[in-house]
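Reviewing the structure listed below.
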Amino acid sequence: MNGMRRGALIVIEGVDRSGKSTQCKKLVDSLKAMSVNADLVRFPDRSTHIGGLIDKYLKQKSHLCDEAIHLMFTANRWEKKEEMERLLKQGVTLVVDRYSFSGIVYSSIKKNMKLHWCQEPENGLLRPDLVFLLTLSENEMAKRPNFGDERYENTETQEKVAKAFLDMSREQGDWEVVPADGTIEDVHKVLLERAVKKIAEVERKSIRN
Ligand code: TMP
Ligand code: MG
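Numbering-wise, the sequence shown is residues 4 to 212 according to the numbering used here.
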């Protein structure tokens, strides 16, 4: 690495309307304000050809079987891998709005979709240095019912998703479960503090697959 410091790969996961996108943006802005080189990445990336197919599926303008759409979401991450690795090596910290864990959770709650089968094609993607899981209490979830029209944007699915994320968080290292009922600023403070620590901790370590 020629003495170059690498960036950290930081993922934010959670149910819809848990504030992921807001927190991702704020984290990137605060890091930049501290002169940390940082960039936002989000999945699905709807701007690619594969992302366009995913967008149509989510907007219920197309039908795909559960296996096919699962592999599309995964391919959408694979097609960004080289670029993400290059940026990390250049010292850019990437804040990622959803990653493999959304892929595995949203698919594996479907009937006949096995967890192991859903995990397999994610193997070999860049491994995050830190994953934040934003959680909402049931009370707070009930207060944020303003779902859009996309597939999965309904209470039944979101409850299953919330539970599956929590189950997953118990099996992983490098996860921080962050209750997100509080104000945007309170949650942001927690994320920023942990992120800054992690960036310093991994800057001399190699990127993980
Ligand atoms: P978004 O609301 O963050 O743009 O994500 C769109 C939906 O896609 C959301 O309901 C979660 C779902 N999703 C998957 O099913 N698999 C994936 O791999 C990803 C990244 C998202
Ligand atoms: Mg959404």
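Heads up, the beta-carbon is just placed ideally off N, CA and C, and yes, glycines get one too. Just so you know, these numbers come straight off a predicted model, no measurement behind them.
For residue i: DSSP bridge partner residues
i           : result
residue 179 : 135
residue 74  : For residue 74, which the question treats as bridged, DSSP gives no partner whatsoever.
residue 97  : 12 and 42
Reduced DSSP secondary structure (H/G/I, E/B, other) of residue i
i           : result
residue 17  : strand
residue 197 : helix
residue 67  : coil
residue 189 : helix
residue 80  : helix
residue 11  : coil
residue 128 : coil
residue 4   : With a pLDDT of only 47 at residue 4, under the threshold of 50, the placement of this residue in the model should not be trusted, and no figure is reported.
residue 171 : helix
residue 158 : helix
Given residue i as reference, the closest of the options once Cα atoms are compared
i           : options              : result
residue 135 : 163, 196, 206 and 36 : 196
residue 87  : 102, 176 and 33      : 102
residue 165 : 107, 42 and 33       : 107
residue 153 : 19, 170, 12 and 15   : 19
Under 7 Å between C-beta atoms of residue i and residue j
i           : j           : result
residue 10  : residue 91  : yes
residue 198 : residue 137 : no
residue 159 : residue 150 : no
residue 40  : residue 98  : no
residue 69  : residue 113 : yes
residue 111 : residue 118 : yes
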